[in-house]
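Participant:
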Amino acid sequence: MFFLSVFIISAENIDKNEIKKPTLLVHKTPTCGCCKMWMEHIEENGYITFSQDHQNLMKI
Numbered sequence: 014m015f016f017l018s019v020f021i022i023s024a025e026n027i028d029k030n031e032i033k034k035p036t037l038l039v040h041k042t043p044t045c046g047c048c049k050m051w052m053e054h055i056e057e058n059g060y061i062t063f064s065q066d067h068q069n070l071m072k073i
């Protein structure tokens with residue numbers, strides 16, 4: 014019973030804003046529409062996305 018009480022008190026103290034979301038950096042071309050749609054899909058599923066545009070992806 015003591016363990017359950019401690020667990021409940023600890024769980025109440027967790028702030029949902031403190032839980033970090035996974036972050037994803039997407040290297041893409043400026044005109045890539047499928048990358049933009051994929052990033053929207055990933056964001057809807059809890060990720061934070063950033064993009065870095067490149068004229069030539071072969072250099073990466």
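Residues 14 to 73 in the working numbering are what the sequence shown lists, from first letter to last. Glycine is no exception: its CB is placed at the ideal position from the N, C-alpha and C atoms.
Considering only the alpha carbon of each residue, which of K34, H40, K33, I32 lies closest to Q65?
Facilitator: Taking the first residue of the sequence shown as 1, we reach residue 65 at position 52. When only C-alpha atoms are compared, the closest one is H40.
Participant: In chain order, what residues of the same chain have a beta carbon less than 8 Å from the beta carbon of P35, not counting five sequence neighbours either side?
Facilitator: The sequence position of residue 35 within the sequence shown is 22, counting from 1. Cβ neighbours of P35 beyond the five flanking positions: G59, Y60, I61.
Participant: Between the Cα of L37 and the Cα atoms of L70, I73, E56, which residue gives the shortest distance?
Facilitator: Mapped onto the sequence shown, residue 37 falls at position 24. That would be E56, whose Cα lies nearest to the Cα of L37.
Participant: Start and end of the alpha helix (DSSP H) containing K49?
Facilitator: In the sequence shown, the residue the question calls residue 49 occupies position 36. 46-57 is the span of the alpha helix (DSSP H), which, as asked, contains K49.
Participant: Tell me which same chain residues have a C-beta within less than 8 Å of the C-beta of W51, skipping the five on either side of it?
Facilitator: Residue numbering aside, residue 51 sits at position 38 when the sequence shown is read from its first letter. Within the same chain, W51 has close Cβ partners V39.
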